[in-house]
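Note sheet for the following structure.
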Amino acid sequence: MGKVTYSPGIQYVQGAMSKPKKVDGHSHGDYLIGTHRTAPTENPNCTRLYIRKGGTYDRTSAPSAYELQLRSRFSQAVTAAQARMKNLSTLEADRAAFNEQKDLAGGKKTFYAYLFNLEYDKLRG
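The sequence shown lines up with residues 438 to 562 when you count with the working numbering.
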């Protein structure tokens, strides 16, 4: 097994360091992915480097009807939440309801997340 050593000053890399580029409709190159193990261990070698083929993450099938339905519901909830944030007639009541729940277990921590969940739940029925 090989060891990964980065330049001085770089402790570790976590994520894609290089991705394939699309030129004229097809990909050139491969993915270069660095990982860093954060679980406790006695092994000092906690970095890994992987190379994945350029087409590894390409979708192989068309989205199902259910997936398209979920995507549509998500985009409708985003639009509705953004509109609700700008609606001055409900803003004060929404802020009060948000502040009531934000410190509870499972409460939404941002105002937008709170409104998004309200709108998404309405669409889900």
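C-beta atoms are modelled at their ideal positions from N, C-alpha and C, and glycine is treated no differently. It should be emphasised that the depicted structure is a prediction, and the values quoted were computed from it without experimental measurement.
Sorted by chain position, which residues of the same chain lie with C-beta nearer than 6 angstroms to residue i's C-beta, five sequence neighbours on each side aside?
i	result
A518	L552, F553, E556
S498	none
T442	none
I'd like the span of the beta strand (DSSP E) that includes residue i, first residue to last.
i	result
L486	484-489
T472	468-473
K459	458-460
A453	452-455
With a CB to CB cut of under 8 angstroms and the five nearest residues on each side skipped, what residues in its chain are close to residue i?
i	result
F548	M522, D531, R532, F535
Please look up how many angstroms separate the CB atoms of residue i and residue j, rounded, as I've assumed it's under 8 angstroms.
i	j	result
Q451	H473	5 angstroms
L469	I447	The pair is not a contact, with the Cβ atoms about 14 angstroms apart (cut-off 8 angstroms).
T478	Y449	In fact, because the Cβ distance is near 14 angstroms, the residues do not count as touching under 8 angstroms.
K440	N482	6 angstroms
So, at 7 angstroms on beta carbons, what are the nonlocal neighbours of residue i in its own chain, with the 5 sequence-adjacent residues on each side left out?
i	result
K539	K545, K546
Review point. Are at least three pairs of beta-carbons, each pair with one atom in the segment 500-509 and one in the segment 452-467, less than 8 angstroms apart?
Key: no
Point to revise | Inside the segment 485-529 only - alpha helix (DSSP H) runs reaching at least 4 residues | key: 502-523
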